[in-house]
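J.: In the working numbering, the protein residues as written are 705 to 1080. Think of the CB as a built atom: it goes at the ideal place given N, C-alpha and C, for glycine as much as any other residue.
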Ligand SMILES: NC(=O)c1ccc[n+]([C@@H]2O[C@H](COP(=O)([O-])OP(=O)(O)OC[C@H]3O[C@@H](n4cnc5c(N)ncnc54)[C@H](OP(=O)(O)O)[C@@H]3O)[C@@H](O)[C@H]2O)c1
């Protein structure tokens, strides 16, 4: 495992950080989390050298912090730093923030959180956090030793990112970034701005929620034609780790093989590692993906549960799969479940709750109708 310096903080952390948002059941797709499996995956990652673990109050129906707390017993807590988050929706005043932090510490079975983040903010959410005194609360909790670093995770346009990062004394920022998102959200401009301020950057959705792990045929053809052979996952992580501003790349693995593969990859990647030819390859790969992608849904499930029972990420996954990989919708695992459980787009009443929650700001209502027409 390569270790990288966290900008102005000067501390070291593992280049691969484990995201605790994507654990599921014994079989992939089970909605009930398999706790024993998740604990074993977390410990496997730590035994392999991972020192950075990311969770949040809301992940996995509020069970992610509990599972992580269990995994960090038996001496594991002392080997790692924990990042968790405060969601805007759960706090209206100081008493709420105190209660929430106390609950998170209890679930995580620890006396302090290393990286404490205002969760998924844009300018509007940041203004809200300021109006309830969150920045001051975070500073006080730093003084009290309950948190070590004041941070935020971001989903919004670059302008919001620039405003927020310059508006407070942040210790770390977490952004969505991968070779497809260079001009999306904070993007490369945001990454470079954070770097110029000495603020370490933690990356989420480095594989676009897994989509970049499965190369469609037009992308695979480009990888195959390149003289050096690497998997799609390795290309994506290698491209990220080329950037010196990045402290840790998170990935939410759900299988031992994925953990082991990532441990192997992050043993080899360093800033400046990509040659001009390799960078050109990734530009061509980006164009190839763009020519086939229907919608930029990453399956984060922030839009769920839909009040009317529509399986939004499932429908978009089937739609992208159909376009990227020429899959038959009738054979698609998501579509079969959607039809069996009556979670179809026909149930959408256009209430807009999903669009308000979507960190990618996708036009979900309209896209659901188009997707459903094409899929059926
Ligand atoms: N703060 C926020 O607003 C926010 C938002 C999103 C995420 N996050 C955090 O950031 C973390 C990282 O994001 P992410 O989970 O979306 O990361 P990601 O790396 O983009 O996607 C993870 C998925 O990639 C696939 N994968 C990972 N390693 C692989 C390998 N070696 N081979 C093949 N497939 C592999 C798996 O997909 P399959 O399961 O399909 O195999 C896995 O579930 C999350 O877990 C969460 O902790 C935070």
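Is the beta carbon of residue 857 within less than 6 Å of some heavy atom of ligand 1?
T.: Correct: residue 857 has its Cβ closer than 6 Å to ligand 1.
J.: On the three-state DSSP scale, how would you describe residue 771?
T.: Residue 771 falls in the helix class under three-state DSSP.
J.: Taking only three categories from DSSP, how would you classify residue 892?
T.: In the structure shown, residue 892 sits in a helix (DSSP, three-state: H, G or I).
J.: What are the start and end residues of each continuous beta strand (DSSP E) run of 3 or more residues lying completely inside the stretch 756-814, in chain order?
T.: As far as the stretch 756-814 is concerned, its whole beta strand (DSSP E) runs of at least 3 residues are 756-758, 785-790.
J.: What would DSSP say about residue 856, mapped onto helix, strand or coil?
T.: Strand, per DSSP.
J.: Within the chosen definition, does the stretch 910-926 reach the stretch 1000-1008 through at least 3 CB pairs nearer than 8 Å?
T.: Enough Cβ pairs lie closer than 8 Å, so yes.
J.: Please classify residue 983 as buried or exposed, where buried requires at least 16 neighbouring CB atoms within 10 angstroms.
T.: So residue 983 ends up on the exposed side.
J.: Ignore the nearest five residues each way along the sequence and tell me which others in residue 832's own chain have a CB closer than 7 Å to its CB.
T.: Hits under 7 Å: 792.
J.: Taking the alpha carbon of residue 722 as the reference point, which residue from 1006, 910, 835 has its own alpha carbon closest?
T.: When each option's Cα is compared against that of residue 722, the closest is 910.
J.: What does the alpha-carbon distance come out to for the pair residue 1136 and residue 972?
T.: With the chain represented from 705 up to 1080, any question about residue 1136 goes unanswered, as that position is not in the structure.
J.: Is it buried or exposed, residue 929, if we count other Cβ atoms within 10 angstroms and call 16 or more buried?
T.: Answer is exposed; the Cβ neighbour count stays below 16.
J.: Considering only residues of the same chain and omitting the five flanking positions on each side of residue 774, which have a CB-CB separation below 8 Å?
T.: Contacts found: 739, 743, 813.
J.: Indicate whether the contact test is met: 3 or more Cβ pairs, each with one atom in the stretch 747-765 and one in the stretch 778-792, closer than 8 Å.
T.: Judged by Cβ distances under 8 Å, the stretch 747-765 makes contact with the stretch 778-792, as three or more pairs qualify.
J.: How would you call residue 1053, buried or exposed, if buried means at least 16 neighbouring beta carbons within 10 angstroms?
T.: So residue 1053 counts as exposed.
J.: Of all the options 1041, 747, 765, which has the alpha carbon lying nearest to the alpha carbon of residue 757?
T.: When only C-alpha atoms are compared, the closest one is 747.
J.: If distances are taken between C-alpha atoms only, which option among 769, 709, 1029 comes closest to residue 724?
T.: Per the Cα distances, 769.
J.: At a threshold of 6 Å, does residue 1064 count as lining ligand 1 (C-beta to nearest heavy atom)?
T.: No - ligand 1 has no heavy atom lying nearer than 6 Å to the Cβ of residue 1064.
J.: Cβ of residue 958 within 6 Å of any heavy atom in ligand 1?
T.: For ligand 1, at least one heavy atom lies less than 6 Å from the Cβ of residue 958.
J.: Per the contact definition of three or more C-beta pairs closer than 8 Å, is the stretch 819-830 in contact with the stretch 846-858?
T.: The stretch 846-858 is in contact with the stretch 819-830.
J.: Out of curiosity, what's the CA-to-CA distance linking residue 784 and residue 777?
T.: If I take the Cα positions, the gap works out to 12 Å.
J.: Using 10 angstroms around the beta-carbon of residue 1029, count the other beta-carbons present and answer buried if the total reaches 16, otherwise exposed.
T.: Exposed is the call here.
J.: By DSSP, does residue 1073 sit in helix, in strand, or in coil?
T.: In the structure shown, residue 1073 sits in a helix (DSSP, three-state: H, G or I).
J.: Just reading off the alpha helix (DSSP H) that residue 1026 is part of, what are its end residues?
T.: Segment 1016-1029, the alpha helix (DSSP H) holding residue 1026.
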